[in-house]
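Numbers given in my numbering equal positions in the sequence shown, counted from 1, plus 745.
Step one of this worksheet: look at the structure below.
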Amino acid sequence: MCGIVGYIGNSQCFPVLIKGLHRLEYRGYDSAGVAILNQNNELNLYKTRGKVADLENFCQSKEIAGSIGIAHTRWATHGEPNDINAHPHMSADGNIAIVHNGTIENYNVLKQALTKHGCEFKSETDTEVLVQLIQYVKETNNCTLIEAVTEALSQVVGAYAIAVVDRDTPDTIIAARKSSPLVIGIGEDATYLASDATPIIDYTDKVVYLNDDEIAIIKKNEPLRVITSDNEPSNIDIKTLKLSVSQLEKGGYPHFMLKEIFEQTSTIEDSIRGRVVNNHIQLSGVNENSEKFASADRIIIVACGTSWHAGLIGKRLLQDIARVPVEVEYASEFRYSNPVITSRDIVIAISQSGETADTLAAISLAKEKGAFVYGICNVVGSSIARATDSGTYIHVGPEIGVASTKAFTGQVTVLTMLALAIGQLRKTVTPDTLVRVTSAIEMLPALIKETLGLNKAIEKLSNTYTYVHNFLYLGRGYNYPSALEGALKLKEISYIHAEGYPAAEMKHGPIALIDHELPTVVIAPMDELHDKIISNIQQVKARGGSVIAIVTKGDKAIKEIADHVLEIPKIPECLSPIIVSIPLQLLAYHIAVKKGCNVDMPRNLAKSVTVE
Ligand code: F6R
């Protein structure tokens, strides 16, 4: 949550900062701000409630010249989203400005102590406490900015990625991280910093990922220096980005979400590439750790949100194909549940962003208890990718729409391959199943393309349901998690209340809700439980509810009873969640667009949840 950008070099920083903030807006869009140090050593600070475009408007007639600056787009944690709580925050003497992503957990204690020393605070934020603390340390210890930042951070409990500028050292930005991401871009005549690499890629592909407890000293026209919190020099490991600018643009689509839905034909191809070979699965992370996977007693999957839904599908896949007992936990619950974990357990952490705070905390707990931790991430070089012992990237490219779409299908595809790879090792998968499922995996891009052909029909259908207040989603077996995911997609971007249920559970309570005002989406591809789900549809119809059914092409039985059917191609049951997710994503998208919602930036949400 929150995105930070910094620039120090020989050009004007404002355009770089604003463009960078636009790229990071998926991380939060409650307010935005910049602080720029100019040639006259003035520190100009502009910030406003609203989106980055509002900040641009606000700055139109302002003094924005300067070649050193820091900027921020906020997802509010401490204090409501308003102008005052917006970042950057300034020390009381007006000399130091800071941007911060994360949460200072002991900010209240620090604030009380500083108040006793006469500090006054303008905002309700934890971040202002940090900048005041830096100023206080600098004054009382009569020390340099880097010494003051190091000392202040040693007093902080919590998570942070920060960037600090100071009028006393006008050629320097100090940056530091603990549990929140920070990437430094090394250009020819400039250095960049940002919460992820997307604001940097336009200028350089050479980056350094800062590690926890590291502090970077970024000076104009000087090589980057990184030290640890104990003031020891750190190794600087320069990586080359594999990211292209076109991946970060809408490419003619009205929204990133629609672009990302349509991209799934090619993103699934990228997820599969080199991993299905002659009807066998080759996953280097599994091959390199074959002992662990062959002998594990149990797998525990930890994740949040959509990634957790992928995890539920993963459980079915791993149990059916690899015959390993699997538990799936919300990372946020797992970390506080005093879990029983042994060194014979494998913990799989699933995360698109690779930065989710709860998932990161679950990983460190699992490691502490001796488990082998395997990551399924999208963002290469992200914190989770680095914190895990091994893993598999889903390789679906940057996902910018806040609602996760292509990452979900990439996660489920990788989980299917993982289950098959473990099944190969443990000899639980029959040659027939291996051929049948791997062949279907290779067909996925074509089947997704065919399913995307439903777009127009779904757009039309969305007119009927734009203004309903509630939706029910039902599915069974592999597609019970699809029902949860369909409901989540709808509620997060259209603000329509939606609930996902295992279809047979409906009669234990939710059936009471059904009337002519409550539409039900039933996910009913041809599978083992097809007859049972037909009964569930009858139960909804008998109570006056309308039914939108997602069915396998040619399903006459459901066509006769449902109000609307969306036909998907035939696919083995274990891969059906990938295909059914396409109409579910499109339905949520078109309803939200019809309602006039901002689908790429839904209210109150952020793409990367780096706070608890
Ligand atoms: C929903 C959505 C969220 C994320 C969740 C976990 O569309 O995007 O529910 O899935 O915040 O994020 P990651 O996968 O980045 O750990």
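Here a beta-carbon is modelled for each residue, glycine too, at the ideal position from N, C-alpha and C.
Computed from a prediction, not measured in an experiment: that's the story for all the values here.
Are there any heavy atoms of ligand 1 lying less than 7 Å away from the beta-carbon of residue i, as far as the coordinates show?
{"i": "Gln1097", "result": "yes"}
{"i": "Leu1233", "result": "yes"}
{"i": "Thr1104", "result": "yes"}
{"i": "Thr1101", "result": "yes"}
{"i": "Val1354", "result": "yes"}
{"i": "Thr1051", "result": "yes"}
{"i": "Ser1128", "result": "no"}
{"i": "Ser899", "result": "no"}
{"i": "Ala1148", "result": "yes"}
{"i": "Glu1237", "result": "yes"}
Can you name, in chain order, every residue of its own chain whose Cβ lies under 8 Å from the Cβ of residue i, other than the five neighbours on each side?
{"i": "Ile1186", "result": "Ile1017, Val1021, Thr1158, Thr1161, Met1162, Leu1320"}
{"i": "Ile960", "result": "Ile891, Val894, Thr895, Leu898, Ile919, Ala920, Ala921, Val971, Ile972, Thr973, Ser974"}
{"i": "Thr914", "result": "Thr889, Leu890"}
{"i": "Ala1243", "result": "Asn1215, Phe1216, Leu1217, Tyr1218, Gly1231, Ala1232, Leu1233, Leu1235, Lys1236"}
{"i": "Ile879", "result": "Ser836, Ile841, Ile843, Leu890, Ala893, Val894, Ala897, Val909"}
{"i": "Asn827", "result": "Ser776, Arg794"}
{"i": "Leu1258", "result": "Asn1215, Leu1217"}
{"i": "Asp1065", "result": "Ala1164, Cys1319"}
{"i": "His1000", "result": "Gly1146, Tyr1334, Val1338, Val1344, Asp1345"}
For residue i, I'd like the list of residues in its chain whose CB is within less than 7 Å of its CB, leaving aside the five on either flank, ordered along the chain.
{"i": "Thr1137", "result": "Leu1028, Gly1030, Ile1121, Val1159, Leu1163"}
{"i": "Leu1105", "result": "Ser924, Ser1128, Ile1129, Ala1132"}
{"i": "Ala810", "result": "Gln757, Asn783"}
{"i": "Asp916", "result": "Lys964, Lys965"}
{"i": "Met1346", "result": "Glu770, Tyr774, Val1147"}
{"i": "Ala1116", "result": "Ile1086, Ser1088, Asp1090, Ile1091, Val1092"}
{"i": "Asp958", "result": "Lys923, Thr973, Ser974"}
By how many angstroms is the C-alpha of residue j removed from the C-alpha of residue i?
{"i": "Leu986", "j": "Ala1248", "result": "45 Å"}
{"i": "Thr936", "j": "Ala816", "result": "14 Å"}
{"i": "Val1362", "j": "Ala1232", "result": "One cannot answer for residue 1362 here, as it falls past the ends of the chain, which runs 746 to 1357."}
{"i": "Val1141", "j": "Asp941", "result": "16 Å"}
{"i": "Asn1114", "j": "Asn1215", "result": "First, the residue type needs correcting, since residue 1114 is Lys and not Asn in the sequence shown. Cα to Cα, the separation comes out at about 43 Å."}
{"i": "Asn989", "j": "Leu1274", "result": "The residue asked about is misnamed: residue 989 is Ser in this sequence, not Asn. Rounded to whole angstroms, Ser989 to Leu1274 spans 44 Å at the Cα level."}
{"i": "Leu927", "j": "Val1125", "result": "13 Å"}
{"i": "Asn956", "j": "Ala1111", "result": "20 Å"}
{"i": "Thr848", "j": "Thr1355", "result": "9 Å"}
{"i": "Asp799", "j": "Gln805", "result": "10 Å"}
{"i": "Lys995", "j": "Glu1144", "result": "11 Å"}
{"i": "Ile1238", "j": "Cys1342", "result": "7 Å"}
{"i": "Val779", "j": "Ser1082", "result": "41 Å"}
{"i": "Thr1196", "j": "Leu1063", "result": "26 Å"}
{"i": "Lys1236", "j": "Met1002", "result": "15 Å"}
{"i": "Ile813", "j": "Asn853", "result": "31 Å"}
{"i": "Lys883", "j": "Cys747", "result": "27 Å"}
{"i": "Pro1226", "j": "Leu1057", "result": "6 Å"}
{"i": "Gly1220", "j": "Pro1190", "result": "23 Å"}
{"i": "Glu1036", "j": "Arg1171", "result": "10 Å"}
{"i": "Lys1340", "j": "His767", "result": "24 Å"}
{"i": "Ile763", "j": "Ser1098", "result": "22 Å"}
For residue i and residue j, which I take to be in contact (beta-carbon distance under 8 Å), what is that distance rounded to the nearest angstrom?
{"i": "Glu869", "j": "Gly930", "result": "Not confirmed; about 32 Å, so no contact."}
{"i": "Ala1048", "j": "Ala1094", "result": "7 Å"}
{"i": "Ile1336", "j": "Leu1311", "result": "About 14 Å separates the two Cβ atoms, so there is no contact after all."}
{"i": "Val1069", "j": "Ala1107", "result": "Going by Cβ atoms, the distance from Val1069 to Ala1107 rounds to 19 Å, so no, they are not a contact pair."}
{"i": "Thr1297", "j": "Gly1155", "result": "Incorrect: roughly 23 Å between the Cβ atoms, too far for contact."}
{"i": "Thr949", "j": "Leu993", "result": "The Cβ separation is near 15 Å, so there is no contact."}
{"i": "Arg1288", "j": "Asp1308", "result": "That pair is no contact at about 13 Å."}
Taking CB distances under 8 Å as the criterion, tell me whether residue i reaches chain D.
{"i": "Asn786", "result": "Absent from the structure: chain D. Only one protein chain is present."}
Excluding the five sequence neighbours on either side, which residues of its own chain have a C-beta within less than 6 Å of the C-beta of residue i, listed in chain order?
{"i": "Ala821", "result": "Asp775"}
{"i": "Lys951", "result": "Ile931, Ile983"}
{"i": "Glu873", "result": "His834, Phe866"}
{"i": "Asn851", "result": "Val902"}
{"i": "Ile753", "result": "Ile813, Ile918, Thr936, Ile963, Lys965"}
{"i": "Thr1101", "result": "Cys1049, Val1354"}
{"i": "Leu1229", "result": "His1054, Gly1245"}
{"i": "Asn976", "result": "none"}
**OP:** May I have a chain-ordered list of the alpha helix (DSSP H) segments no shorter than 4 residues that lie completely inside the segment 875-900?
**Re:** With a minimum length of 4 residues, the continuous alpha helix (DSSP H) runs that stay inside the segment 875-900 are 890-899.
Subject >> Contiguous alpha helix (DSSP H) assignments of at least 4 residues, all confined to the segment 1045-1098 >> reply: For the segment 1045-1098, whole alpha helix (DSSP H) runs of length 4 or above, ordered along the chain, are 1050-1062, 1076-1079.
**OP:** Run through the segment 978-1015 for me and flag every whole alpha helix (DSSP H) of 4 or more residues, listed as ranges in chain order.
**Re:** Segments of the alpha helix (DSSP H) lying fully in the segment 978-1015: 1001-1007.
Original post:
Mind pulling the beta strand (DSSP E) runs of 3 or more residues that sit fully within the segment 781-847?
Top reply: Complete beta strand (DSSP E) runs here, min 3: 788-794, 813-819.
**OP:** Write down every uninterrupted run of the beta strand (DSSP E) in the segment 1134-1219 whose length is 3 residues or greater and which is fully enclosed by it, in chain order.
**Re:** Counting only runs of 3+ residues, the beta strand (DSSP E) found wholly inside the segment 1134-1219 occupies 1135-1138, in chain order.
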